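Peer 1: First the structure, then my questions, so here it is.
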Amino acid sequence: MSLRTSPVHDLAMRRAELAPERAFQAVGILAIVLPLLLLLWLFGGALVDAWPRLGWDFLTGFPSRKAEIAGILPALAGSAWLMALTSLIAIPLGLGAALYLEEYARPGRLTALIELNIGTLAGVPSILYGLLGLEIFVRVIGMGRSVLAGACTLALLLLPMVIIASREALRTVPHSLREASFALGADRWQTLQRVVLPMCLPGVLTGVILSLARAIGETAPLITIGALTYVAFLPDSVHSAFTALPIQIFNWTSRPQAAFHVNAAAGIVVLIALMLLLNGVAIWLRARLQRRVYW
Amino acid sequence: MSGSLHAPRAPSERIIAAVLFACGMVSVFTTLGIVVVLVKESAGFFSEVSLGQFLGDTQWTPLFTDQHFGIWPLLAGTLLTTAIAVAVALPLGLLAAIYLAEFAPERARKILKPTLEVLAGIPTVVYGYFALVYITPLLQRFVPGLAGFNALGPGIVMGVMILPVIASLSEDAIYAVPASLREAAYALGAGRLRTVFRVVLPSAFSGIGAAVILGISRAIGETMIVAIAAGQQARLTADPRSPIETMTAYIVQISLGDTPTGTLEYRTIFAVGLALFLLTLGLNAVAFRLRRRVLKGGTL
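Read top to bottom, the protein sequences are chains G and Z.
Per my numbering, the first sequence starts with residue 1, numbered consecutively.
Per my numbering, the second sequence starts with residue 296, numbered consecutively.
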């Protein structure tokens, strides 16, 4: 058909044929851009609402019945305790599990079970980890509603993420390096300790920091294990009662007064800033990792 | 990895292997722990409330003097918000996935895909705040009779949250469709759009199905958005304008209150938790099977 038409006509026809395709592409781009714009608009709104409250007093203040003088210091301290303890628990467990699966495990039913299980755990709603923590850590082990119980719960929640990230990091270490180490007479643990672990550590850390960025916003499991919503003191030990930044935000959001919603918005700005900071550190670490020369 | 060449020499090697194995088993014990805790406490619940009542009653009022323990109002609340979320996320996510996999230049794809993931990384308590303080008042201008707490606002926000799950996994599935299928369609004279809708999408159907099911599962387990913005009134309704309560929001409500441990009211959250666990586990298992079919290279 196109043989009979002139080149000019042909081009016009091509254009007409392409019109639906172009329209479809535009709709596709809109489907991506619109939700992002919505999010940007929402954050812009929160930032504008929060602006008058953001300041040193807000960061260093204690919660109060008067919205104008309430601050987030106990929540920040609680979140810092949680993140530190959670990493202390989740890194060794996650890295250990990854080392087992990548370096020690022989393919078999047990290994398949562990792998299937990690996949299953990643899909369990986070609030169910809270019920687990409430029963096991708070009641059976008797940690009470402490920051330690919260950290144990969050560590279990992060475990699948840390294991998956650590396994990927371990896989980036070339096999030839292990063989070279074995050839020099090192045994398996020496090889892991002196060759494999130093090389994969930045990768593991990147994964851990990214999962911490996820954990710092976790609210539901902490509410379930009984984190307090009104705390006027700083945690002084792992057995201390605690609150956390997302819980403080939740508490302020659930109050009817608009003044507390302003506080919630300010808390959100701080929370997002902390998440961006963690993500930034992870991206920086990853860039460093990629720059390193393998030999 | 390769085993026999460097068999453990020292006893310490065996200890190390055992310790690492124990780390690997922690995740297995976590799953077991969740199952045991939920089943044990639920058993206590079901010794006082019959399964027939749990599944047959249409009222959920454990905190009232006239106690009813029918799961349906909570289940209805969960399904209602989830349905709204999917109604938002499915069309947008599918369009985004088709665009990214079939039309976007490689560079745009590399930037847009991770950017879209940002939507899934926002803390849900923040989404809940947005739903309650910004989205619901905005919707009230257009939707008459929309209550301050409702299923619609949080449902829409939840849709934004699960959008990257559906978009990203669908995109993987579409991207994985062999180029030869597209080429065959072009050779038969089909245009790009026709190829996408008649050849590529049907081939990627399993993967897209898995993506949607995982999105649904995520929405069912989502807690803070609905706990903040959907209200705390367990009612059997399909009206998205009225306050409702989801299974997850109920667990939060009881956790915040001062219900003494060991009471029937306290045990309700484990029974609801068990129902939630079975629901999400079932959905995840279906998605897993669908995805495995994709990974094996089977096209329908």
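Ideal placement from N, C-alpha and C gives every residue a C-beta, glycine not left out.
Computed from a predicted model, the values in this text were never measured in an experiment.
(1) Which residues in the same chain as Z:W367 place their Cβ atom closer than 7 Å to its Cβ, once the five residues preceding and following it in sequence are excluded?
(2) Helix, strand or coil: how does DSSP classify Z:F572 here?
(3) Which residues in chain G have a C-beta closer than 9 Å to the C-beta of Z:G448? List them in chain order.
(4) How big is the Cα-Cα spacing for G:L170 and G:L42?
(5) Suppose the cutoff is 7 Å on Cβ atoms and the five residues either side in sequence are ignored; what does the same chain contact list for Z:V452 look like?
(6) Mind checking if Z:Y424 is an interface residue toward chain G, Cβ cutoff 8 Å exclusive?
(7) With 8 Å as the threshold, decide whether the Cβ of G:L121 is near any Cβ in chain Z.
(8) Taking the alpha helix (DSSP H) that Z:G552 belongs to, which residues open and close that run?
(9) So, with DSSP's three-state summary, where would you put Z:F444?
(10) Determine the extent of the alpha helix (DSSP H) in which G:H175 is found, giving its start and end residues.
(11) Any Cβ of chain G within less than 8 Å of the Cβ of Z:G516?
(12) Kindly list the residues whose CB is nearer than 6 Å to the CB of Z:Q435, restricted to its own chain and excluding five residues on each side of it in sequence; keep chain order.
(13) Which of the three DSSP states, helix, strand or coil, is assigned to Z:F437?
(14) What does a CB cutoff of less than 7 Å around Z:I393 pick up in its chain, not counting 5 residues either side in sequence?
(15) Measure the alpha-carbon distance for Z:A582 versus G:T219 and round it to whole angstroms.
(16) Would you report the Cα separation of G:L148 and G:I249, rounded to the nearest angstrom?
(17) Give the secondary structure of G:F242 by DSSP, where H, G and I count as helix, E and B as strand, and everything else as coil.
(18) Is it true that the CB of G:V173 sits closer than 8 Å to the CB of G:V196?
(19) Hey, is G:E17's beta-carbon within less than 8 Å of any beta-carbon in chain Z?
(20) List the residues of chain Z whose Cβ lies closer than 7 Å to the Cβ of G:N117, in chain order.
(21) Is it true that the stretch 524 to 542 of chain Z meets the stretch 366 to 384 of chain Z, where meeting means three or more beta-carbon pairs spaced less than 8 Å apart?
(22) Extract the residue ranges of the alpha helix (DSSP H) inside the stretch 103 to 144 of chain G, only unbroken runs of 4 or more that lie entirely within it.
(23) Evaluate the contact criterion for the stretch 544 to 563 of chain Z versus the stretch 126 to 145 of chain G: three or more CB pairs, one atom per stretch, below 8 Å.
(24) Between the stretch 146 to 165 of chain G and the stretch 177 to 195 of chain G, can you find at least three pairs of beta-carbon atoms closer than 8 Å?
(25) Give every residue of the same chain whose Cβ lies closer than 8 Å to the Cβ of G:M1, excluding the five residues on either side of it in the sequence, and list them in chain order.
(26) Please compile the residues from chain Z whose C-beta is within a distance smaller than 8 Å of the C-beta of G:T253.
(27) So is Z:F349 in contact with chain G if we call contact Cβ pairs under 8 Å?
(28) Quick check: the stretch 29 to 42 of chain G against the stretch 382 to 400 of chain Z, are at least 3 beta-carbon pairs closer than 8 Å?
(29) Around the Cβ of G:L277, are there at least 16 other Cβ atoms within 10 angstroms (buried) or fewer (exposed)?
(30) Taking Cβ-Cβ distances below 8 Å as the criterion, which residues of the stretch 257 to 278 of chain G are in contact with chain Z?
(31) Using 8 Å as the limit for Cβ to Cβ distance, is Z:R487 near chain G?
(32) Looking at C-beta atoms only, is the number of pairs between the stretch 341 to 351 of chain Z and the stretch 501 to 511 of chain Z that lie closer than 8 Å three or more?
(33) Whole angstroms is fine: what's the gap from G:A213's alpha carbon to G:I118's?
(34) To the nearest angstrom, how far is the alpha carbon of G:P74 from that of G:V269?
(35) Let's test the definition: count the other Cβ atoms within 10 Å of the Cβ of G:G71 and tell me whether it reaches 16, buried, or not, exposed.
(36) Among G:D187, G:R145, G:V162 and G:A50, which has the Cα closest to the Cα of G:N263?
Peer 2: Reading it off the structure:
(1) T353 and L531
(2) helix
(3) When 9 Å is used as the limit between beta carbons, Z:G448 is near no residue of chain G, the shortest such separation being about 12 Å.
(4) 39 Å
(5) Y422, F425, A426, I430 and I520
(6) yes
(7) yes
(8) Taken as a continuous stretch (DSSP letters only), Z:G552 belongs to no alpha helix (DSSP H), as it is neither H nor E.
(9) coil
(10) H175 to A183
(11) yes
(12) L441.
(13) coil
(14) I469 and V491
(15) 27 Å
(16) 21 Å
(17) coil
(18) yes
(19) yes
(20) S322, V323 and T326
(21) yes
(22) 109 to 122 and 126 to 133
(23) For the pair of segments examined, the stretch 544 to 563 of chain Z was found to touch the stretch 126 to 145 of chain G: the number of CB pairs separated by less than 8 Å reaches three.
(24) no
(25) Caution applies to G:M1, whose pLDDT of 46 falls short of 50 and renders its modelled position unreliable; the model cannot decide the point.
(26) V420, G423, Y424, L427, V428 and I523
(27) no
(28) Judged by Cβ distances under 8 Å, the stretch 382 to 400 of chain Z makes contact with the stretch 29 to 42 of chain G, as three or more pairs qualify.
(29) Under this definition G:L277 is an exposed residue.
(30) H261, A264, A265, I268, L271, I272 and M275
(31) yes
(32) no
(33) Between G:A213 and G:I118, the C-alpha separation is close to 20 Å.
(34) One C-alpha to the other measures close to 17 Å.
(35) buried
(36) Comparing Cα positions, the closest option is G:A50.
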